[in-house]
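Pasting the structure below:
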């Protein structure tokens with residue numbers, strides 16, 4: 099006696115579930131911060147349920163460089179999380195073998211810091227990451243101050259967040275962070 103009502107109840111639940119699964123409600127966008135479409139990434143892992151050629155936007159002559167990209171194409175480079183200022187020295191525990199590096203800008207304080215520490219930076223074979231630079235000319239002028247060091251324009255915000263930095267110039271070694 100109890101079996102018949104139970105079967106009826108299960109049938110109703112399964113029918114309701116099947117009907118609910120077939121009705122597709124539109125997605126609600128919670129936030130749209132702009133940026134690049136994620137669809138190509140879903141296509142690449144087979145989760146977009148479209149053919150691969152449908153997942154990518156074809157490049158047009160307006161979106162393709164007709165030359166090799168240069169450092170000048172990265173400029174101006176502004177790291178929003180970093181500014182010139184004092185840095186409190188502290189110990190670090192980076193993986194052994196991490197190449198020492200330093201963060202600088204093209205401002206007068208960074209140029210002065212670079213001149214004062216150039217010999218030590220060369221001894222350490224430290225790589226310079228120029229985190230704030232406006233023009234290719236500014237970068238070239240900075241490189242003239244230390245031609246024996248590698249200086250590269252690099253966005254510094256992610257690195258600043260990972261190391262808890264807000265100011266530069268700063269030297270980072272596997273065991274220490276110092277100005």
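Numbering (my numbering), first residue to last: 99 to 277.
Glycine included, every Cβ here is placed at the ideal spot set by N, Cα and C.
Keep in mind that this is a model prediction, so the values were computed, not measured.
Secondary-structure assignment with DSSP links residue 230 through a beta bridge to 203. An exposed status is given to residue 190, since fewer than 16 other beta-carbon atoms sit within 10 Å of its beta-carbon. In this structure the stretch 240-252 does not lie against the stretch 179-193, because fewer than three pairs of beta carbons, one per stretch, are closer than 8 Å.
Straight-line measurement puts the Cα of residue 272 at about 6 Å from the Cα of residue 194. A direct Cα-to-Cα measurement between residue 254 and residue 217 gives close to 24 Å. Taken atom to atom, the span from the alpha-carbon of residue 210 to that of residue 202 is near 10 Å.
Where residue 260 is concerned, the enclosing alpha helix (DSSP H) starts and stops at 255-261. For the 8 Å CB-CB criterion, residue 222 and residue 231 do not form a contact.
Taking residue 182 as the centre and dropping the five residues before and after it, the same chain places the C-beta of 205 and 207 closer than 6 Å to its C-beta, in chain order. Straight across, the Cα-Cα distance linking residue 215 with residue 180 is about 20 Å. Under DSSP, the beta-bridge partners assigned to residue 181 are 265. Under the DSSP definition of a beta bridge, residue 270 partners with 199 and 275. With respect to the 8 Å criterion, residue 261 and residue 198 are not classified as neighbours on the basis of their beta carbons.
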